[in-house]
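Enquirer: Per the numbering used here, the sequence shown starts with residue 24, numbered consecutively.
This is the structure I have questions about; it appears just below.
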Amino acid sequence: MNWLAHFLLAEPEPAFRVGSVLPDFAPPALLAALPPVFQSGIKQHRRVDLFTDAHPLFRRSRHRFPSPLRRFAGILTDVFYDHLLARNWSSHSAVPLPDFAAQVYAAIATCRPELPPEIYGRLARLRDADLLGAYGELEGLARVLAGIGARLRRPVDLGAALPVLRDQFAGFAADFKAFFPELREAAAAG
Numbered sequence: 024m025n026w027l028a029h030f031l032l033a034e035p036e037p038a039f040r041v042g043s044v045l046p047d048f049a050p051p052a053l054l055a056a057l058p059p060v061f062q063s064g065i066k067q068h069r070r071v072d073l074f075t076d077a078h079p080l081f082r083r084s085r086h087r088f089p090s091p092l093r094r095f096a097g098i099l100t101d102v103f104y105d106h107l108l109a110r111n112w113s114s115h116s117a118v119p120l121p122d123f124a125a126q127v128y129a130a131i132a133t134c135r136p137e138l139p140p141e142i143y144g145r146l147a148r149l150r151d152a153d154l155l156g157a158y159g160e161l162e163g164l165a166r167v168l169a170g171i172g173a174r175l176r177r178p179v180d181l182g183a184a185l186p187v188l189r190d191q192f193a194g195f196a197a198d199f200k201a202f203f204p205e206l207r208e209a210a211a212a213g
């Protein structure tokens, strides 16, 4: 799962919530040096990723991508699932998405003094672009994919995957609808 799902599955305490996305923003050595208050969220991120990557429905979604996109299928499926989560947000949270995003951005600000500048800078860009609020729209999804693709060791146009989402939307949506309740249960069990 990508950032929106990680934030939703996290406990609301600011450091836990921020910690729940940090493995996507920093190398393990830097994460290990962070204050203990972030470590529970970091551990949950890893548990969620392990559960997700091993799940048959997530694997089925990954196989919907043709080569050469299949090389990035895990990343793309994570992002597409966040898109589906955002599109059906009211089914997953009583807090409206704009309010939830504001809570997350406030947690990022609260944690700023304890975060290295390079990590805080990346989180601030997520906030400044309101990427959490943008997930539900294809234009926002394109921005997220462009940003991720630009940060890869060799930049890739991940936006080229959007036609796959459009063409196979029903399949991705069915996979996500069956998968996400299981993920929530696994995340809650810790």
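C-beta atoms are modelled at their ideal positions from N, C-alpha and C, and glycine is treated no differently.
In this text, all values refer to a predicted model and were calculated from it rather than measured experimentally.
Given this structure, state the Cα-to-Cα distance separating Ala173 from Leu27, to the nearest angstrom.
Expert: For the purposes of this step, residue 173 is taken as residue 150 along the sequence shown, with counting starting at 1. For the purposes of this step, residue 27 is taken as residue 4 along the sequence shown, with counting starting at 1. In a straight line, the C-alpha of Ala173 is about 20 Å away from that of Leu27.
Enquirer: Does the contact criterion of 3 or more C-beta pairs under 8 Å hold for the segment 40-49 versus the segment 130-148?
Expert: As far as the Cβ criterion goes, the segment 40-49 touches the segment 130-148, which means the pair count is three or higher.
Enquirer: Kindly indicate which three-state DSSP category Asp153 falls into: helix, strand or coil?
Expert: Position 130 of the sequence shown, counting from 1, holds the residue named residue 153. Note: Asp153 maps to coil in three-state DSSP.
Enquirer: Who are the near neighbours of Phe1 in its chain, counting only those whose CB is closer than 7 Å to its CB and skipping five residues on each side?
Expert: Absent from the model: residue 1. The displayed extent of the chain is 24 to 213, so no value can be given.
Enquirer: Check each candidate in Gly159, Glu208 and Ala212 and name the one with the smallest Cα separation from Val102.
Expert: Locating residue 102 in the sequence shown gives position 79, where the first residue counts as 1. When each option's Cα is compared against that of Val102, the closest is Gly159.
Enquirer: How many Å lie between Arg93 and Asp47 at the Cα?
Expert: Counting from one through the sequence shown, the residue named residue 93 turns up at place 70. Counting from one through the sequence shown, the residue named residue 47 turns up at place 24. Cα-Cα distance, rounded: 20 Å.
Enquirer: When you compare only the Cα positions, how much space is there between Phe202 and Gly170?
Expert: Working through the sequence shown from its first residue, we reach residue 202 at position 179. Working through the sequence shown from its first residue, we reach residue 170 at position 147. For Phe202 and Gly170, the distance between alpha carbons rounds to 26 Å.
Enquirer: Specify the secondary structure class of Tyr104 as computed by DSSP and reduced to three states.
Expert: Walking along the sequence shown from the start, residue 104 turns up at place 81. It is helical.
Enquirer: Answer yes or no: do Ala184 and Leu99 have a C-beta to C-beta separation smaller than 7 Å?
Expert: Within the sequence shown, the letter at position 161 stands for residue 184. Within the sequence shown, the letter at position 76 stands for residue 99. Yes, the pair counts as a contact, with Cβ atoms nearer than the cut-off.
Enquirer: At what residue ranges does the segment 133-208 contain a whole run of the alpha helix (DSSP H), taking only runs of 4 or more?
Expert: 140-151, 154-157, 161-174 and 185-190, all fully within the segment 133-208.
Enquirer: The alpha helix (DSSP H) spanning Ser90 covers which residue range?
Expert: Translated into the one-based positions of the sequence shown, residue 90 becomes position 67. Element bounds for Ser90: n/a, residue is neither H nor E.
Enquirer: The ligand PLP and Ser116: does any heavy atom of the ligand fall closer than 6 Å to the residue's C-beta?
Expert: The ligand PLP is not part of this structure, which contains no ligands at all.
Enquirer: Which residue wins for smallest C-alpha separation from Glu34, given the options Leu161, Asp151 and Gln126?
Expert: Numbered from its first residue, the sequence shown carries residue 34 at position 11. With distances taken between Cα atoms, Glu34 lies closest to Gln126.
Enquirer: Counting C-beta neighbours from all protein chains within 10 Å, is the total for Ala109 16 or more, i.e. buried, or is it exposed?
Expert: As a first step, residue 109 is located in the sequence shown; it is residue number 86 there, counting from the start. Classification for Ala109: buried.
Enquirer: Measuring alpha carbon to alpha carbon, tell me which residue in Asp198, Ala52 and Val187 is nearest Ala165.
Expert: As a first step, residue 165 must be located in the sequence shown, where it is residue number 142. Checking every option, the nearest Cα to that of Ala165 belongs to Val187.
Enquirer: Express the C-alpha separation of Ala55 and Gln62 in angstroms, rounding to a whole number.
Expert: The sequence position of residue 62 within the sequence shown is 39, counting from 1. The sequence position of residue 55 within the sequence shown is 32, counting from 1. Straight-line Cα distance between these residues: approximately 8 Å.
Enquirer: Among Val167, Leu80 and Pro136, whose alpha-carbon lies nearest the alpha-carbon of Ala196?
Expert: As a first step, residue 196 must be located in the sequence shown, where it is residue number 173. Taking only the C-alpha atoms, the option nearest Ala196 is Leu80.
Enquirer: By Cβ distance below 8 Å, which residues in the same chain neighbour Leu45 in space, the five residues on each side in sequence not counted?
Expert: Looking up residue 45 in the sequence shown gives position 22. Same-chain partners within the cutoff: Leu54, Leu57, Phe61, Gly64, Ile65, His68 and Ile142.
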